[in-house]
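Below: one structure, written as structure tokens.
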Amino acid sequence: MTAQKVPSEGKSAKSEPRRPGRPRGGAINAQQREHLLDITLSLYAEHGIAETSLNAIARKAGVSPAMLNYYFKSREALLDVVVEERFLPLRQRLVAHFVNEPRDPVTTFSAFIREIADIIATHHWFGPLWMQEVTEGQGGLGQHIKNRFGHTERDKVKSLIEGWQQQGLLNPDLEPQLLMTSILSMVLVPFSRFANDPAFNREKIVAHTLSLFCRGIRPV
Numbered sequence: 001m002t003a004q005k006v007p008s009e010g011k012s013a014k015s016e017p018r019r020p021g022r023p024r025g026g027a028i029n030a031q032q033r034e035h036l037l038d039i040t041l042s043l044y045a046e047h048g049i050a051e052t053s054l055n056a057i058a059r060k061a062g063v064s065p066a067m068l069n070y071y072f073k074s075r076e077a078l079l080d081v082v083v084e085e086r087f088l089p090l091r092q093r094l095v096a097h098f099v100n101e102p103r104d105p106v107t108t109f110s111a112f113i114r115e116i117a118d119i120i121a122t123h124h125w126f127g128p129l130w131m132q133e134v135t136e137g138q139g140g141l142g143q144h145i146k147n148r149f150g151h152t153e154r155d156k157v158k159s160l161i162e163g164w165q166q167q168g169l170l171n172p173d174l175e176p177q178l179l180m181t182s183i184l185s186m187v188l189v190p191f192s193r194f195a196n197d198p199a200f201n202r203e204k205i206v207a208h209t210l211s212l213f214c215r216g217i218r219p220v
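In full-length UniProt numbering, the protein residues as written are 1 to 220.
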């Protein structure tokens with residue numbers, strides 16, 4: 001009679017081999033995943049999305065490119081994760097001032113401007129990333145969001161602004177789609193230009209922007 005083979009000590013007879021392509025070391029945990037997204041955002045903000053490769057992110061994070069490819073599948077998929085988990089929640093905070101019981105234009109835009117300043121102060125990648133991507137035009141972050149997630153909320157804001165103009169509450173010469181970009185520029189450029197100058201703190205920049213902007217949006 002032929003003797004049956006006995007599994008060697010310390011190895012289960014039912015153990016499964018590591019899946020092909022899976023990096024050694026097991027799955028990344030939530031903290032490691034968040035750290036990878038932080039690294040990705042910092043590189044996006046420094047170099048722009050188009051110039052940031054998975055290899056560059058892996059080097060900065062001290063992990064292998066194989067790990068990023070395994071857990072995020074592709075450069076485009078990683079960008080989707082960053083946009084969905086980090087950027088869209090901030091956009092929703094901004095849009096909320098226009099879609100959640102908006103009041104008069106001056107009150108609404110003033111709250112919007114303060115929200116931008118708060119986001120810039122608490123998310124240091126936001127300003128540099130926006131400054132990098134706004135120059136990309138049709139190929140930048142805005143186009144990616146439009147293609148992947150749509151612009152339903154942006155269209156709601158546009159309709160509200162047009163409604164204010166029709167009611168005579170807002171300067172009719174303002175172009176709704178240019179207005180939001182103009183506001184972001186009015187806040188972000190000073191924050192970027194005077195980031196290390198204590199004479200131009202957050203409140204001073206916000207007060208300047210509110211004074212400049214709120215007078216310009218009033219009906220003629």
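All C-beta atoms in this analysis are idealised placements derived from N, C-alpha and C, irrespective of residue type, glycine included.
Distance check between residue 77 and each of 118, 144 and 172 places 144 closest, using alpha-carbon atoms only. The DSSP-derived three-state label of residue 195 is coil.
When the five nearest sequence neighbours on each side are left out, the beta carbons in the same chain lying within less than 8 Å of the beta carbon of residue 190 are those of 200, 205, 208 and 209, in order along the chain. Annotation: the region 67-139 contains the following complete segments of the alpha helix (DSSP H) (minimum length 4 residues), in chain order: 75-82, 88-99, 105-122 and 126-134. Between residue 28 and residue 39, the C-beta gap is not smaller than 7 Å, which leaves the two residues out of contact. Annotated three-state conformation of residue 200 is coil, per DSSP. Excluding sequence positions up to five before and after residue 177, its CB lies within less than 7 Å of the CB of 158, all in the same chain and listed in chain order. For residue 99, the closest C-alpha among the options 133, 160, 36 and 172 is that of 160.
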